[in-house]
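Participant: If you count by this note's numbering, then the sequence shown holds residues 15 to 154, one letter each, in order.
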Amino acid sequence: LPSRKEMRQKLKCFWQALLRLDITVDSFLNLPENVFLLGRKRWGSSLYVRPCYRGIFDQMMELCSSPYTINQFLITGTPGIGKSFFAIVLMGWLVMEKVTSIVFDSYETRYLFMFKGTDVDVVEGNKMDFKDVIDDDTAW
Numbered sequence: 015l016p017s018r019k020e021m022r023q024k025l026k027c028f029w030q031a032l033l034r035l036d037i038t039v040d041s042f043l044n045l046p047e048n049v050f051l052l053g054r055k056r057w058g059s060s061l062y063v064r065p066c067y068r069g070i071f072d073q074m075m076e077l078c079s080s081p082y083t084i085n086q087f088l089i090t091g092t093p094g095i096g097k098s099f100f101a102i103v104l105m106g107w108l109v110m111e112k113v114t115s116i117v118f119d120s121y122e123t124r125y126l127f128m129f130k131g132t133d134v135d136v137v138e139g140n141k142m143d144f145k146d147v148i149d150d151d152t153a154w
């Protein structure tokens with residue numbers, strides 16, 4: 015297993031590569047050599063951006079701008095259906111929409127991604143960390 019520092023660096027490399035790509039529906043998103051999806055080698059370096067991803071994203075954005083201002087979403091589904099890969103695409107599109115903070119839970123670890131243009135800071139914590147960010151309406 016990679017150390018915490020190595021994992022943060024892998025995540026930073028992933029984000030820097032992702033933010034230089036166009037995320038196009040019905041095509042493959044291909045990262046550079048030795049850069050892996052969310053820094054995880056077993057996930058590989060490419061994913062298919064399903065057409066339904068854009069529809070789900072657009073509905074989420076519409077709900078965020080509705081009078082009800084829904085800004086928290088739970089994505090559910092059977093194991094292996096593609097929730098994690100959708101999350102990658104979702105986060106990429108959110109950053110393109112100028113979202114500056116994303117909290118991502120992964121197993122027992124929680125990551126805070128903070129964006130400034132194509133630069134990203136990665137902070138690692140546990141399931142109880144970053145509650146102040148989560149409570150911020152502009153964070154995801």
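Every residue, glycine too, gets a C-beta built ideally from N, C-alpha and C.
Please read all numbers here as calculations on a predicted model, not as lab measurements.
Would you report the Cα separation of Thr-132 and Gly-106, rounded to the nearest angstrom?
Facilitator: Counting from one through the sequence shown, the residue named residue 132 turns up at place 118. Counting from one through the sequence shown, the residue named residue 106 turns up at place 92. So the two alpha carbons sit approximately 11 angstroms from each other.
Participant: I want to know whether the stretch 18-28 touches the stretch 62-77 - three or more CB-CB distances under 8 angstroms.
Facilitator: Counting Cβ pairs under 8 angstroms, fewer than three are found: no touch.
Participant: Name the one or two DSSP bridge partners that Phe-28 has.
Facilitator: As a position in the sequence shown, residue 28 is number 14, starting the count at 1. Its beta-bridge partners do not exist; DSSP assigns none.
Participant: Does Gly-106 come out as helix, strand or coil in the three-state DSSP assignment?
Facilitator: As a working note, residue 106 is residue 92 in the sequence shown. Of the three classes helix, strand and coil, the one that applies to Gly-106 here is helix, per DSSP.
Participant: Please report the distance separating the alpha-carbon of Lys-55 from that of Glu-20.
Facilitator: For the purposes of this step, residue 55 is taken as residue 41 along the sequence shown, with counting starting at 1. For the purposes of this step, residue 20 is taken as residue 6 along the sequence shown, with counting starting at 1. The straight-line gap from Cα to Cα measures roughly 13 angstroms.
Participant: What residues are listed by DSSP as bridge partners for Ser-120?
Facilitator: Indexing the sequence shown from 1 puts residue 120 at position 106. Note: Ser-120 sits in a beta bridge opposite Thr-123.
Participant: Taking the alpha-carbon of Glu-111 as reference, which of Leu-88, Cys-78 and Ser-59 has the nearest alpha-carbon?
Facilitator: Indexing the sequence shown from 1 puts residue 111 at position 97. Comparing Cα positions, the closest option is Cys-78.
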